[in-house]
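K.L.:
Let me begin by handing over the structure; questions about it come next.
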Amino acid sequence: MIYFCCDQRRREAVRQSDLNGIDFVEVIDREAALETDRQRFLHLYLVNDPGAFVYTVDNIRIEGPNAIEIVNVTMGLDGQTNVLVIEVAEPGDFSPYTINIVTSALNPLPPPEIDPALASVGFSFKVECPSPFDCQSSCDCPEPEAVETEIDYTARDFYSFRRMMLDRLSMTAPAAATGHPADLSTALVEVLAYTADQLAYQQDAATTEAYLNKARSRISLKRMTRLVDYSVDDGCNARCFCHFAVSADVHPIAPATLVIPQGSAVCTQLSEQPRAFARDDALLAQSGAVYETCHDVPALFHLHNEITFYTWSDARCYLPKGAVSATLDGHFPDLEAGMYLAFEEVMGARSGSPADRQLSQRQVVLLTQVQAFDADGEPLLDPVTELPITEIVWHGADALRFPMCISSETSIEEGRRYLEPVTVARGNIVLVDHGQTIFGERLPEVPLPTLSWAPGQGMQAGSAKGASCAEANCEQEQAETITPKYQPTLANRPLTFSPDYALGAPATELLKTPSPSETFANVSLDADDGVEVRPYHVVRDMLASDDSSLVFTTEIERDGVVSLRFGDNVYGRRPLPETRFTATYRVGVGSAGHIGADKLYHLALPIPEVTEVRNITPGEGGRNPETNAEIRKRAPFLFKTQERAVTREDYQTLGRRVAGIQDVSCAYIHTGSWMTTFALPDPDDRVEVSDTLRTTLRDHYEKFRLAAHDVEVSSPVYVPLEVTLHVCVAPNTSKSHVRQRLLKLFSPNRLPDGALGLLHPNRFRAGETLHLSPWLAAAQNVEGVIAAKVTRFRRFGDPRTSGLIDRKLEFGRTEIARIDNDISHPGNGVFLLDMDGGR
Numbered sequence: 007m008i009y010f011c012c013d014q015r016r017r018e019a020v021r022q023s024d025l026n027g028i029d030f031v032e033v034i035d036r037e038a039a040l041e042t043d044r045q046r047f048l049h050l051y052l053v054n055d056p057g058a059f060v061y062t063v064d065n066i067r068i069e070g071p072n073a074i075e076i077v078n079v080t081m082g083l084d085g086q087t088n089v090l091v092i093e094v095a096e097p098g099d100f101s102p103y104t105i106n107i108v109t110s111a112l113n114p115l116p117p118p119e120i121d122p123a124l125a126s127v128g129f130s131f132k133v134e135c136p137s138p139f140d141c142q143s144s145c146d147c148p149e150p151e152a153v154e155t156e157i158d159y160t161a162r163d164f165y166s167f168r169r170m171m172l173d174r175l176s177m178t179a180p181a182a183a184t185g186h187p188a189d190l191s192t193a194l195v196e197v198l199a200y201t202a203d204q205l206a207y208q209q210d211a212a213t214t215e216a217y218l219n220k221a222r223s224r225i226s227l228k229r230m231t232r233l234v235d236y237s238v239d240d241g242c243n244a245r246c247f248c249h250f251a252v253s254a255d256v257h258p259i260a261p262a263t264l265v266i267p268q269g270s271a272v273c274t275q276l277s278e279q280p281r282a283f284a285r286d287d288a289l290l291a292q293s294g295a296v297y298e299t300c301h302d303v304p305a306l307f308h309l310h311n312e313i314t315f316y317t318w319s320d321a322r323c324y325l326p327k328g329a330v331s332a333t334l335d336g337h338f339p340d341l342e343a344g345m346y347l348a349f350e351e352v353m354g355a356r357s358g359s360p361a362d363r364q365l366s367q368r369q370v371v372l373l374t375q376v377q378a379f380d381a382d383g384e385p386l387l388d389p390v391t392e393l394p395i396t397e398i399v400w401h402g403a404d405a406l407r408f409p410m411c412i413s414s415e416t417s418i419e420e421g422r423r424y425l426e427p428v429t430v431a432r433g434n435i436v437l438v439d440h441g442q443t444i445f446g447e448r449l450p451e452v453p454l455p456t457l458s459w460a461p462g463q464g465m466q467a468g469s470a471k472g473a474s475c476a477e478a479n480c481e482q483e484q485a486e487t488i489t490p491k492y493q494p495t496l497a498n499r500p501l502t503f504s505p506d507y508a509l510g511a512p513a514t515e516l517l518k519t520p521s522p523s524e525t526f527a528n529v530s531l532d533a534d535d536g537v538e539v540r541p542y543h544v545v546r547d548m549l550a551s552d553d554s555s556l557v558f559t560t561e562i563e564r565d566g567v568v569s570l571r572f573g574d575n576v577y578g579r580r581p582l583p584e585t586r587f588t589a590t591y592r593v594g595v596g597s598a599g600h601i602g603a604d605k606l607y608h609l610a611l612p613i614p615e616v617t618e619v620r621n622i623t624p625g626e627g628g629r630n631p632e633t634n635a636e637i638r639k640r641a642p643f644l645f646k647t648q649e650r651a652v653t654r655e656d657y658q659t660l661g662r663r664v665a666g667i668q669d670v671s672c673a674y675i676h677t678g679s680w681m682t683t684f685a686l687p688d689p690d691d692r693v694e695v696s697d698t699l700r701t702t703l704r705d706h707y708e709k710f711r712l713a714a715h716d717v718e719v720s721s722p723v724y725v726p727l728e729v730t731l732h733v734c735v736a737p738n739t740s741k742s743h744v745r746q747r748l749l750k751l752f753s754p755n756r757l758p759d760g761a762l763g764l765l766h767p768n769r770f771r772a773g774e775t776l777h778l779s780p781w782l783a784a785a786q787n788v789e790g791v792i793a794a795k796v797t798r799f800r801r802f803g804d805p806r807t808s809g810l811i812d813r814k815l816e817f818g819r820t821e822i823a824r825i826d827n828d829i830s831h832p833g834n835g836v837f838l839l840d841m842d843g844g845r
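The opening residue of the sequence shown carries number 7 in the working numbering; numbering runs sequentially from there.
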């Protein structure tokens, strides 16, 4: 048999005839009963039962480079009659051998009952021996040698490509290389040159996009910087608090419904439109800015339009800075904890004119406690005047940022008129954020594959590499389709990015600008593949998705155009062809939403009771998307960000990132089996380390600590001091004024200008030596001071620790100096003044 055929059908043909032939041969090697019998027994399987024919040593011949002596031939094996057991004297070498069935020792032709095509079979005695080489036979018909022709690889435009192709045609097909414009061959060459010119441009553009300093596409920069774990900031929308005034209480018209659902639009003023109208996207597009509600509003109350404060029969009152509670004038049973309340100055405190009110004197707070009834369930009353009142308490994070005037008296020029109320409270407050929702935008259908890879290209290329030429020729050529690119774009821009608002959070927290990692794209998709409709969810990137995840990500170009990228069946599922997507998303981001107070005017809901819509606070918290220049500037420095804690300095640097901590003192101590880092936080602006702060710092270190290293966070030991400063006051200088200046300088508080007093807790560090020289120098510079010296400088109540001689006090690693100078708590440290002279 000299042919190699892909479809071997001869055995089936013989099996259906009266002839016989060799099916295959087995070399008994590892399965031999004795070690000496390995490779000495061959099992020759015939296609059919030999029947009456008997084969002996004379009918079997083994051909190869070395002569092989056949000792015995036995018919049948374990009940199988179509097997010949051939025993040889010695096993052969690694060379190929052939078994032939012959007529006799003198006649090499096959017997009449044996098919000539199946009368022989090749084999190897060493088939089970380990080998470092591939068992696949090498290609025995090499590719014909290609004739190389000179090609100008510097050709990059239409004319150079045209010249190169005509030069090549002159060598391969001289008759076609005429160069005449009217020739068909020349027209074909020019079409190919034009296409090559476009491809060359795309190659150059791709090369340009591969470098950070040359890339022009924002999407390229985003993908490139993601490789170094830098996430490009796509911006954040602005937000504010909006007040709705109503002419009567508004309640849901049906159970399980809402008065103002989340996502309801409010906008700036439009001409000839009522305060509340049915939503019309065309009208909203004409407004200067569109905001939408961030949470549901179950009801609106007329009594909450304007609420005055109750001053308990007193006049000219104000709420001090830092206040967290107040009394309202009236009975307000519908006020509940969890609602937001706005405080607003409605007239000038000195003139009484609404035009003089300060827009900065506004603040929104989150109510935590509301008491409108007494213990008997009756409305809460003032026991003296018997007027109804309501007590409210708001969240500590929303403590007043400024003193708030409740009632006042005008100036002499204005006639000293009594003014009340100067400031009022307003309910019906809703958080709104910048952005307009676009509903049900249809995206292009996922296209069907229309192209296939050329032979030898694509994912399946090279599957037969290393096979023999005969086997390679048996490979069925199957066209591999090219998956079409599907990255639809949204029709409107810019896409809104917003944080996930936590209901019940303090108002101050909601107005803060979130970090880029806390914002997400406001877009969702519904995919209809003809069988069912499935939702697709937006993710920051595909790295955490698997092949079954119905997700997509957004990619924003520098002009704001938003492309949607789907999975590839490895990271995220690839959409099926002919799938139809419908997009719902919001547009509006960045500083475009920074509108001033009282600019919102309309509600896009037909609620006739709404008489006023306005934003109590200005739009704030918006952040524009990063530009290409900003990305190039910031991304390379990500490598310099400290992301591991190895040394004590590393723990100190990383600890300062935690809010509320100004410094951390660290020490390495071996605790028996491993090293433990003992961290001692020094809190900012206070002298107590709460359990929450310790837990926060411990959790923060967990991301950076080394394996097999423990971290223990403990509280510092505060050491109260006792200091007496003797001062000589200049003649004719008020001793009282000098005392005030010195006590202001040596204060444990933050001064009105923002500077820290010399005794402020932030001035002291754990284990830091406290020197007298800076204090004396500061005292000497106070106006009216002639001389100053310290007469007492020691730990509180311990004369043995005086630092007057050394002019310093030393502290242990866990100790921090403390001087609260509170006459009610002298045990927390005192600072005394001893003054002479002056008047």
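C-beta atoms are modelled at their ideal positions from N, C-alpha and C, and glycine is treated no differently.
Values in this document were obtained by computation on a predicted structure and should not be read as measured data.
Short check: CB of residue 720 to CB of residue 685, under 9 Å?
P.N.:
Yes, they are a contact pair.
K.L.:
Look up residue 249 in the DSSP assignment and give the residues it is bridged to.
P.N.:
In the DSSP output, where bridge partners are listed per residue, residue 249 has 435, 620.
K.L.:
I'd like the list of long-range same chain contacts for residue 379, defined as Cβ closer than 7 Å, with 5 residues on each side in sequence excluded.
P.N.:
Around residue 379: 385, 386.
K.L.:
Taking just the CA atoms, how far does residue 117 sit from residue 14?
P.N.:
When rounded, the distance between both Cα atoms is 23 Å.
K.L.:
Curious, which full-length beta strand (DSSP E) runs of at least 3 residues does the stretch 707 to 737 contain?
P.N.:
With a minimum length of 3 residues, the continuous beta strand (DSSP E) runs that stay inside the stretch 707 to 737 are 715 to 719, 723 to 735.
K.L.:
So, is residue 671 buried or exposed, given that buried needs 16 or more other C-beta atoms within 10 angstroms?
P.N.:
Result: buried.
K.L.:
Here's the rule I'm using: 16 or more other beta-carbon atoms within 10 Å means buried, otherwise exposed. How should residue 135 be labelled?
P.N.:
Under this definition residue 135 is an exposed residue.
K.L.:
Give the secondary structure of residue 471 by DSSP, where H, G and I count as helix, E and B as strand, and everything else as coil.
P.N.:
At residue 471, the pLDDT of 47 sits below 50, so the modelled position is not reliable and the matter cannot be decided from this model.
K.L.:
Using DSSP with H/G/I as helix, E/B as strand and the rest coil, what is residue 236?
P.N.:
Coil at residue 236, not helix or strand.
K.L.:
If residue 69 sits next to residue 113, beta carbons under 8 Å apart, how far is it from one beta carbon to the other, in whole angstroms?
P.N.:
With 8 Å as the limit, residue 69 and residue 113 do not qualify as a contact, their Cβ atoms being about 15 Å apart.
K.L.:
Could you tell me the distance, in whole angstroms, from the CA atom of residue 364 to the CA atom of residue 608?
P.N.:
Taking the straight line from one Cα to the other gives about 24 Å.
K.L.:
State the start and end residues of the unbroken alpha helix (DSSP H) segment that holds residue 661.
P.N.:
Residues 654 to 661.
K.L.:
Apart from the five residues just before and just after residue 64, which ones in its own chain have a Cβ nearer than 7 Å to its Cβ?
P.N.:
These residues qualify, in order along the chain: 110, 111.
K.L.:
Among the candidates 822, 93, 83, whose CA atom is the shortest distance from the CA of residue 66?
P.N.:
Selected option, being the one with the closest Cα: 93.
K.L.:
Per the DSSP calculation, residue 200 is bridged to which residue(s)?
P.N.:
Answer by DSSP bridge pairing: none, since residue 200 is not bridged.
K.L.:
Since residue 313 sits in a beta bridge, which residues does DSSP pair it with?
P.N.:
Answer by DSSP bridge pairing, in chain order: 431.
K.L.:
Expressed to the nearest angstrom, what Euclidean distance is found between the alpha-carbon atoms of residue 539 and residue 578?
P.N.:
Computed Cα separation, rounded: 17 Å.
K.L.:
Can you name, in chain order, every residue of its own chain whose Cβ lies under 7 Å from the Cβ of residue 360, other than the five neighbours on each side?
P.N.:
These residues qualify, in order along the chain: 352, 353.
K.L.:
Under a Cβ-count criterion, where at least 16 other Cβ atoms within 10 Å of its own Cβ denotes burial, should residue 632 be classed as buried or exposed?
P.N.:
Its Cβ being crowded by 16 or more others within 10 Å, residue 632 is buried.
K.L.:
So what does residue 12 bridge to, in DSSP terms?
P.N.:
Answer is none; residue 12 lacks a bridge partner.
K.L.:
For the alpha helix (DSSP H) that contains residue 170, what are its first and last residues?
P.N.:
Residues 164 to 178.
K.L.:
If we count the other Cβ atoms within 10 Å of its Cβ and call it buried at 16 or more, is residue 369 buried or exposed?
P.N.:
Buried, since its Cβ has 16 or more Cβ neighbours within 10 Å.
K.L.:
Fully enclosed by the stretch 577 to 648, which beta strand (DSSP E) runs are 3 residues long or longer?
P.N.:
Whole beta strand (DSSP E) segments, 3+ residues: 586 to 593, 606 to 609, 616 to 621.
K.L.:
Do you know whose CA, among 565, 91, 191, 496, lies nearest residue 77's CA?
P.N.:
The candidate whose alpha carbon is nearest that of residue 77 is 91.
K.L.:
Would you tell me roughly how many angstroms separate the C-alpha atoms of residue 230 and residue 218, rounded to the nearest one?
P.N.:
When rounded, the distance between both Cα atoms is 7 Å.
K.L.:
Considering only the beta carbon of each residue, do residue 651 and residue 660 sit closer than 9 Å?
P.N.:
Contact flag set, yes.
K.L.:
Express the C-alpha separation of residue 205 and residue 213 in angstroms, rounding to a whole number.
P.N.:
Their backbone Cα atoms lie some 12 Å apart in a straight line.
K.L.:
Indicate the three-state DSSP secondary structure (helix, strand or coil) for residue 366 in the structure shown.
P.N.:
Note: residue 366 maps to coil in three-state DSSP.
K.L.:
Straight-line CA distance for residue 469 to residue 301?
P.N.:
Because the pLDDT of residue 469 is 48, which lies under 50, any placement of that residue in the model is unreliable, and the number read from its coordinates should be weighed accordingly. Whole-angstrom Cα-Cα distance: 58 Å.
K.L.:
Please look up how many angstroms separate the CB atoms of residue 432 and residue 310, rounded, as I've assumed it's under 8 Å.
P.N.:
Rounded, the Cβ-Cβ distance is 7 Å, consistent with contact.
K.L.:
For the stretch 254 to 280, which segments carrying the beta strand (DSSP E) assignment without a break, of at least 3 residues, lie completely within its bounds, in sequence order?
P.N.:
Listed in chain order, they are 271 to 274.
K.L.:
Write down every uninterrupted run of the beta strand (DSSP E) in the stretch 384 to 409 whose length is 3 residues or greater and which is fully enclosed by it, in chain order.
P.N.:
395 to 400, all fully within the stretch 384 to 409.
K.L.:
If we ignore side chains and look at the alpha-carbon of each, how far apart do residue 714 and residue 681 end up?
P.N.:
Rounded to the nearest angstrom, the two C-alpha atoms are 8 Å apart.
K.L.:
I'd like to know whether the C-beta atoms of residue 763 and residue 752 end up nearer to each other than 9 Å.
P.N.:
Cβ atoms of residue 763 and residue 752: closer than 9 Å.
K.L.:
How far does the alpha helix (DSSP H) with residue 786 in it extend, from its first residue to its last?
P.N.:
Its alpha helix (DSSP H) spans residues 779 to 786.
K.L.:
Just mark residue 177 as buried or exposed, buried being the case when its beta carbon has 16 or more other beta carbons within 10 Å.
P.N.:
Answer is exposed; the Cβ neighbour count stays below 16.
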